[in-house]
Amino acid sequence: MKRSVAVVLLLIAVAGCDGIEIRFDEPPVDNRRAPAVPIEYPTVNLPVALRQANWRGNEGEGSCVHAAMISLFRWQGRNATADYWRRTYGNGEWAAGLADKMDREGVRFAYTVGRSDVGFLEWACSTRRGCGVTVLGGRHMVCLVHFDDKWAGILDNNSPEHIKWVPRRTFLAEWFNSNSWAVTPVFTPAPPLPYWRDR
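This is the structure in structure tokens:
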């Protein structure tokens with residue numbers, strides 16, 4: 001009796017989809033003529049819960065550079081590195097100091113400073129990595145999470161709940177006047193959200 005019950009259960013499991021008819025409301029799309037997938041806005045679409053807020057370090061200084069790196073580590077799938085960075089580093093930071101820390105910790109990264117290298121910003125956002133960028137005359141770092149021909153999307157760690165949208169020219173003028181430092185870890189960013197056509 002036990003054997004026949006097992007055989008019946010096996011047949012049900014194997015034939016579970018038998019007799020189900022799949023219907024499409026419309027014919028399948030010919031992939032050669034499929035519409036282009038739109039760009040996700042922002043390109044670096046880090047969930048709010050993973051965005052690192054700025055904090056005061058043990059020397060009483062803001063930790064905006066480290067907060068920006070932690071958000072980018074999380075976006076690029078390096079959660080353990082982000083947690084370690086949060087426990088280990090804080091306070092103000094400069095380009096050379098951050099580069100030393102990244103090298104010491106074995107973090108792959110790319111950066112530019114003082115060169116007004118707009119191509120770096122375009123590369124960082126087009127590869128979906130984003131980057132930390134200086135603003136306010138170099139006194140603060142935020143994450144550039146989107147950069148196209150019209151807009152810059154800014155994730156400010158002083159108010160990480162919202163993305164601030166700034167005209168590209170306005171953002172670039174601010175960045176140029178802030179020592180044009182930009183830095184990003186170079187790992188694998190999160191994949192884009194699936195594209196579902198509105199019906």
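In terms of this note's numbering, the sequence shown is residues 1 to 199. Beta carbons are placed, not taken as given, at the ideal position from N, Cα and C, and that holds for glycine. Note that the structure is predicted; figures quoted are calculated from it, not measured.
- When secondary structure is reduced to three states using DSSP, T184 falls in the strand class.
- S159 counts as exposed, since fewer than 16 other beta carbons sit within 10 angstroms of its beta carbon.
- A direct Cα-to-Cα measurement between T184 and N58 gives close to 24 angstroms.
- Taking 8 angstroms as the cut-off, the beta carbon of W75 is found no closer than this to the beta carbon of L98.
- In the displayed model, T81 falls within a helix according to three-state DSSP.
- CA-to-CA, the gap between N79 and F73 works out to about 6 angstroms.
- Using a C-beta cut-off of 8 angstroms, the stretch 120 to 134 makes contact with the stretch 176 to 192, since at least three inter-stretch Cβ pairs fall below that distance.
- Among the bridge pairs identified by DSSP, W123 is matched with none.
- Secondary structure at R115: coil, using DSSP grouped into helix, strand and coil.
- The continuous alpha helix (DSSP H) containing V65 extends over residues 64 to 75.
- Shown here, R56 sits in a strand according to DSSP, grouped into three states.
- G92 and R108 have their C-alpha atoms roughly 21 angstroms apart.
- By the C-beta density criterion, F171 is buried, having at least 16 other C-beta atoms within 10 angstroms.
- By the neighbour-count definition (other C-beta atoms within 10 Å, threshold 16), P189 is a buried residue.
- Contact between N179 and G132 is ruled out by a C-beta separation of about 12 angstroms, above the 8 angstroms threshold.
- Counting only the Cα atoms, G60 lies some 25 angstroms from L144.
- Excluding sequence positions up to five before and after W175, its CB lies within less than 6 angstroms of the CB of V133, all in the same chain and listed in chain order.
- Following the DSSP letters along the chain, one finds L155 inside the beta strand (DSSP E) bounded by residues 151 to 155.
- In chain order, G62, S63, C64, A67, N157, N158 place their CB closer than 7 angstroms to the CB of N54, counting only its own chain and leaving out the 5 sequence neighbours on each side.
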